[in-house]
Amino acid sequence: MKKFIIKLLAKETNLKTKELENLIEIPPSDNLGDYAIPCFILSKKLKKSPIIIAEELVKKLRKSLPKEVSNTDFKGPYVNFFIDKKILAENVLEKVKQKNFGKLNIDKKKIGIEYPSPNTNKALHVGHLRNMAIGESICKIMDNTRNKVIHLNLFNDRGILISKSMIGYEKFAEGKTPESENIKEDKFVGDLYIKFSKASSKNEKLEKLAQEKLKLWEKGDKKTIALWKKLNSWTYSGMQKTFDKFGLSKIDKNYYESEIYKKGKELIKTGLKNKVFYNKEDGAVAINLEKEKLGEKILLRSDGTSVYITQDLYLAEQKIKDFNLDSSYYIVGCDQEYHFKVLFSILEKLGLKKDWKHLSYGMVSLPEGKMKSREGTAISADDLITETQEIAKKGIESRATEKLNKKELEDRSLKIALSAIKYSLLKVDIRRGIIFNPNEALAFEGDTGPYLLYSYARASSILKKVKNKKTIKILDLKDTEIKLLKKINSFEDTITKAYENLAPNLIANYAFELSQIFNEFYHDCPVLGSIEEGFRLKLVNAFRITLKKSLDLLGIDVLEEM
RNA sequence: GCUCCCGUAACUCAGCCUGGAUAGAGUGCUAGCCUUCUAAAAUCUUCUUUGAAGAGAGCUAGAAGUCGCAGGUUCAAAUCCUGCCGGGAGCGCCA
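0 is the number of the first residue of the first sequence in numbering that gives the first Met the number 0; add one for each residue after it.
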């Protein structure tokens, strides 16, 4: 509908289409109009007061209004446009019917997205859930175009952290297994890490033992490798269960730090040859990034071994090679911002010019402070999901008219619980740190995931009760109907913006506002049995489709019944 | 010390990129609201009361704000610029 306004204005002013596109805004209240253009810019060019310009413009425009625009008027320096609501309604219903509704016909890149890339020495916690929720949603948003998304993951499976869990095992759990203790596998390994950390704060020797363990591992000591493999295999099978439960997409390729940690030396050679890098006095290889305000960075130790960034350089290049990527995104917390600035800047200097992006998200902390895995104060991902699911179950049982079978109950309660968790993690700007209050994430009312699912179920329930179809007659539209139509109409603008800004929260906010407007409509306009039944059913269905698409992009599944 | 991010209602946040009409939500607080059928009373309308059902986690209104502070740019600043204050993160031949 906006394009009619633009066309109209382009004819009467000498502004370009693009300029107009940016200028046109939506008035703060509906009775002012549906679209508006402020006349301040024209005022400079024409050297007249914007109020007079607005008045004159309205006079001119009124002579040739297309049928889509029912009226135009000015208020102060603003020219407001009223669109024809019946045509709007027809357009919206038609648009929603299209098969490719909500699919953006833009870009055609191959994008690798890396997440959640956990350490294998402990179970997943709420911070990882934020990572996964953002990762999933970003993938869906990027994929909702002509782009192709590749899911990548790096297991940080070696190093001092897992060595600590290994010492923990030898000191406190020799011979025990997750099975024998009846503990989920990854939690079993994480508990070893916590035991180690608590004990090492009293006993400094343990820290040394862990360092020695790491050296043994690097030497390939058979016993050490066997233990390492055992712990990691527990972690993997435990984590996979959580991934599945959470609904993580299939990962196209897993990389393992243990396989790449020594690599990247080829790149170092190239860099030295091209004089991007230099040798320090003691033989270490470094790069000077003073100009970028990143200081000097070591890339190879004086003993010739790699540091973390060396392998990351290698992996960055490898991912491009493996999948012929145009873009490479990393979903990693904001504590790694410096690392990625350095990484990307080195890659550019090596001539690897790609669309590198670090999608940095704020840390999750608790009302009582920072989460610390080693102290065991992190909220476990599994516990949170289970606990939320229990609450959801009680809710289902309290409103169910007949008893559901067990599988159905599990299924529904899990979807409701995940909607609560994912939505609470996605509704805020990703850059922002979250103070995760478990009680609020478990809330099912107000601005929450379950509210959205509920609105969806409500719409579905109406549609199910339809007995015989009535013809569609669009009579005079009520305000709430118009509001709903306009909101549905703005869906594509919203997802475009979310795509451009890599911002799932915009879609989350949209989904909430959409549901709110639907509930107002629902309250205001009886559907079944009304004269407008035919039209209103179509509108309910249009809402239902739009909400589902929005939730899809957030990685949230809908339910036909709550 | 240096760099980056954040500061909007009691709390949790949206809006800031791309300046525009009275700064929006949710939670909590306060006051209200259903719809259809049914039974009672009434000349009719309004109102009141009984029972059942649902599309029954919903809706409406109210109170609550120096948009961290101080300058600047602009016809116009929550939005852009500078400084300050407060919070977080980062600044290893750690990963």
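Glycine included, C-beta positions come from ideal geometry on N, C-alpha and C.
1) Over what stretch of residues does the beta strand (DSSP E) that includes H338 continue unbroken?
2) Would you mind reading off the limits of the alpha helix (DSSP H) that contains I182?
3) Which term fits H357, buried or exposed, when burial requires 16 or more other beta carbons within 10 angstroms of its beta carbon?
4) Specify, as a first and last residue, the run of the beta strand (DSSP E) that G219 falls within.
5) Could you check what DSSP says for F245 in three-state terms: helix, strand or coil?
6) Relative to the C-alpha of A416, which residue among F73, R431, D381 and D428 is closest?
7) What ranges does the alpha helix (DSSP H) occupy inside the stretch 224-300, keeping only unbroken runs of at least 4 residues that lie completely in it?
8) Report the CB separation of G134 from I112 in whole angstroms; it is logged as a contact under 8 Å.
9) So what's D556 in DSSP terms, helix, strand or just coil?
10) The alpha helix (DSSP H) with E67 in it runs from where to where?
11) Within the chosen definition, does the stretch 119-137 reach the stretch 369-387 through at least 3 CB pairs nearer than 8 Å?
12) Would you list the residues sitting across from G111 in a DSSP beta bridge?
13) For D185 and S162, I'd like the C-alpha separation in whole angstroms.
14) For the pair the stretch 514-526 and the stretch 446-466, tell me if three or more CB-CB distances fall below 8 Å.
15) Please give me, in chain order, every unbroken run of the alpha helix (DSSP H) with length at least 4 that falls completely inside the stretch 427-473.
16) Three Cβ pairs or more, each shorter than 8 Å: is that satisfied between the stretch 349-365 and the stretch 422-439?
17) For N118, count neighbouring C-beta atoms within 10 Å of its own C-beta (all shown protein chains included) and say buried if the count is 16 or more, exposed if not.
18) Relative to the C-alpha of K414, which residue among E389, V284, K222 and G294 is closest?
19) On the DSSP bridge list, what partners appear for H357?
20) What beta strand (DSSP E) runs, 3 residues minimum, are completely inside the stretch 19-45?
21) Does the beta-carbon distance from N143 to D106 come in below 8 Å?
22) Tell me whether T479 sits in a helix, a strand or coil according to DSSP, three-state version.
23) In this structure, how does DSSP classify T545 when only helix, strand and coil are distinguished?
24) Within its chain, find whatever has a CB closer than 7 Å to the CB of I461; leave out the 5 residues flanking it on each side and keep chain order.
25) Mind checking whether K85 and I487 have CB atoms under 8 Å apart?
26) On the DSSP letters alone, give me the boundaries of the alpha helix (DSSP H) that S364 sits inside.
27) From A283 to L314, what does the alpha carbon distance come to, in whole angstroms?
28) For S326, collect the residues of the same chain with a Cβ closer than 6 Å to its Cβ; drop the 5 residues on either side in sequence, then sort them by chain order.
29) Kindly identify the DSSP beta-bridge partner or partners of V78.
30) Can you tell me where the alpha helix (DSSP H) holding C524 begins and where it ends?
31) Can you tell me whether DSSP reads G174 as helix, strand or coil?
32) In chain order, what residues of the same chain lie with their CB nearer than 8 Å to the CB of F3, ignoring the 5 residues before and after it?
33) Have a look at K547 and G101 and give me their C-alpha separation to the nearest angstrom.
34) Please report the distance separating the alpha-carbon of E211 from that of P177.
35) If we count Cβ pairs, one from each stretch, closer than 8 Å, do we get three or more for the stretch 145-159 versus the stretch 241-256?
36) Using the three-state DSSP reduction, which class does G368 fall into: helix, strand or coil?
The relevant details are as follows:
1) Along the first sequence, one-based indexing puts residue 338 at 339. Taken as a continuous stretch (DSSP letters only), H338 belongs to no beta strand (DSSP E), being part of the alpha helix (DSSP H) at E336 to K348.
2) Taking the first sequence and counting its residues from 1, one reaches residue 182 at position 183. No alpha helix (DSSP H) contains I182, which DSSP labels as neither H nor E.
3) Against the first sequence, residue 357 aligns to sequence position 358. That one is buried.
4) Counting from one through the first sequence, the residue named residue 219 turns up at place 220. Going by DSSP, G219 is part of no beta strand (DSSP E) at all; its letter is neither H nor E.
5) For the purposes of this step, residue 245 is identified with residue 246 of the first sequence, where counting begins at 1. In this structure, F245 counts as helix in the three-state DSSP scheme.
6) Taking the first residue of the first sequence as position 1, residue 416 is located at position 417. Ranking the options by Cα distance to A416, first place goes to D381.
7) 256-259 and 264-272
8) Locating residue 134 in the first sequence gives position 135, where the first residue counts as 1. Locating residue 112 in the first sequence gives position 113, where the first residue counts as 1. Correct: roughly 7 Å between the Cβ atoms.
9) Here residue 556 is taken as the residue at index 557 of the first sequence, counted from 1. Three-state DSSP puts D556 in coil, outside helix and strand.
10) Here residue 67 is taken as the residue at index 68 of the first sequence, counted from 1. No alpha helix (DSSP H) contains E67, which DSSP labels as neither H nor E.
11) A contact exists between the stretch 119-137 and the stretch 369-387.
12) Along the first sequence, one-based indexing puts residue 111 at 112. DSSP, once it has assigned bridges, lists I149 and S327 as partnering G111.
13) Start at 1 with the first residue of the first sequence, and residue 185 comes out as number 186. Start at 1 with the first residue of the first sequence, and residue 162 comes out as number 163. If I take the Cα positions, the gap works out to 15 Å.
14) yes
15) For secondary structure counted as the alpha helix (DSSP H) over 4 or more consecutive residues, the stretch 427-473 holds these complete runs in sequence order: 437-440 and 448-463.
16) yes
17) On the first sequence, position 119 is the one that residue 118 refers to. Buried, since its Cβ has 16 or more Cβ neighbours within 10 Å.
18) On the first sequence, residue 414 is found 415 positions in, with the first residue counted as 1. Measuring from the Cα of K414, the nearest candidate turns out to be E389.
19) Within the first sequence, residue 357 is the residue found at index 358, counting from 1. According to DSSP, which records beta bridges pairwise, H357 is partnered with Y329.
20) 34-37
21) Mapped onto the first sequence, residue 143 falls at position 144. Mapped onto the first sequence, residue 106 falls at position 107. In this structure, D106 does not lie closer than 8 Å to N143 by Cβ.
22) As a position in the first sequence, residue 479 is number 480, starting the count at 1. In the structure shown, T479 sits in a helix (DSSP, three-state: H, G or I).
23) Taking the first sequence and counting its residues from 1, the one referred to as residue 545 is at position 546. If DSSP states are grouped into helix, strand and coil, T545 belongs with the helices.
24) Start at 1 with the first residue of the first sequence, and residue 461 comes out as number 462. Counting only Cβ-Cβ distances below 7 Å, and skipping sequence neighbours, we find V526, L527 and V539.
25) For this step, residue 85 is matched to residue 86 along the first sequence. For this step, residue 487 is matched to residue 488 along the first sequence. Taking a C-beta distance under 8 Å as the contact criterion, K85 and I487 do not qualify as a contact pair.
26) Your numbering for residue 364 matches position 365 in the first sequence. S364 -> not in any alpha helix (DSSP H); beta strand (DSSP E) instead, spanning V363 to L365.
27) Numbered from 1 along the first sequence, position 284 holds the residue referred to as residue 283. Numbered from 1 along the first sequence, position 315 holds the residue referred to as residue 314. Taking the straight line joining both Cα atoms gives about 21 Å.
28) For the purposes of this step, residue 326 is taken as the residue at position 327 of the first sequence. Cβ within range, chain order: K108, I110 and D354.
29) Here the question's residue 78 lines up with position 79 in the first sequence. For V78, which the question treats as bridged, DSSP gives the partners I36 and F73.
30) Position 525 of the first sequence, counted from the start, is the residue given in the question as residue 524. Unbroken run through C524: none, as it is neither H nor E.
31) Within the first sequence, residue 174 is the residue found at index 175, counting from 1. G174 carries a coil assignment under DSSP once its states are collapsed to helix, strand and coil.
32) Locating residue 3 in the first sequence gives position 4, counting from the first residue. Cβ within range, chain order: P65, E67, V68 and I82.
33) On the first sequence, position 548 is the one that residue 547 refers to. On the first sequence, position 102 is the one that residue 101 refers to. Linking K547 to G101 through their CA atoms gives a straight-line distance of about 11 Å.
34) Position 212 of the first sequence, counting from 1, holds the residue named residue 211. Position 178 of the first sequence, counting from 1, holds the residue named residue 177. Those two C-alpha atoms are separated by around 26 Å.
35) yes
36) Position 369 of the first sequence, counted from the start, is the residue given in the question as residue 368. Of the three classes helix, strand and coil, the one that applies to G368 here is strand, per DSSP.
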